[in-house]
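Visitor: Following the working numbering, the numbering of the sequence shown begins with -17 at its first residue and continues without gaps. C-beta atoms are modelled at their ideal positions from N, C-alpha and C, and glycine is treated no differently. Mind having a look at this structure? Questions to follow.
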Amino acid sequence: MNITYKETHDFTREQLQELFLSVEWSSGHYPDKLVTAMKNFETVYSAWDGEKLVGMICAMDDGIMTAYVHYLLVNPAYHGQEIGRTLVKMVKEKYADYLRIIVIAYNNEMRFYENCGFEKSDVSSPMFITSLWT
């Protein structure tokens, strides 16, 4: 398998729906909203197996100090191929001069992010208002 990476904001609703539902994220049930969201993120890096979208990372930033990783997902059929780590590395390189890169990790994904250089905060916790179930 030859995975290629690119920076783009243009995805079809079907590509996004397939990727998001592959990881069982409820936002995959709103593909039209995802298409719009991808166009609005500052940074979107994606991983491709030919024409198939198999992973992506999306970040937003304030332009100088703080970047927030909002989405990182890799189709489970492609786990174990360093795709997630490569996408995180791309974001870390882009925001190397920033003072902070933040991610909200699901508890079962904490080790992955720690292995990518993130540290769990002892002084803060994520909080949400959401109607999504994942």
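To the nearest angstrom, how far is it from the Cα of N(-16) to the Cα of G32?
Guide: Residue -16 sits at position 2 when you count from the first residue of the sequence shown. Residue 32 sits at position 50 when you count from the first residue of the sequence shown. Distance between the alpha carbons of N(-16) and G32: 8 angstroms.
Visitor: Using the rule of at least 16 other Cβ atoms within 10 Å of the residue's Cβ for burial, across every protein chain shown, is V56 buried or exposed?
Guide: Here the question's residue 56 lines up with position 74 in the sequence shown. Label assigned to V56: buried.
Visitor: Kindly give me the distance between the Cβ atoms of L81 and M47, rounded to whole angstroms, as I take these residues to be in contact under 8 angstroms.
Guide: In the sequence shown, counting from the first residue as 1, residue 81 sits at position 99. In the sequence shown, counting from the first residue as 1, residue 47 sits at position 65. About 5 angstroms; that satisfies the 8 angstroms criterion.
Visitor: Beta-carbon within less than 6 angstroms of I83's beta-carbon, same chain only, minus the 5 sequence neighbours each way: which residues are those?
Guide: To locate residue 83, count along the sequence shown from 1; it is residue 101. Closer than 6 angstroms at Cβ, skipping near neighbours: A49 and Y77.
Visitor: Would E6 and L35 qualify as a contact pair, given that the criterion is a beta-carbon distance under 9 angstroms?
Guide: Residue mapping note: residue 6 aligns to position 24 of the sequence shown, counting from 1. Residue mapping note: residue 35 aligns to position 53 of the sequence shown, counting from 1. Not a contact, by the Cβ cut-off of 9 angstroms.
Visitor: In three-state terms, what does DSSP make of D104?
Guide: Against the sequence shown, residue 104 aligns to sequence position 122. Coil.
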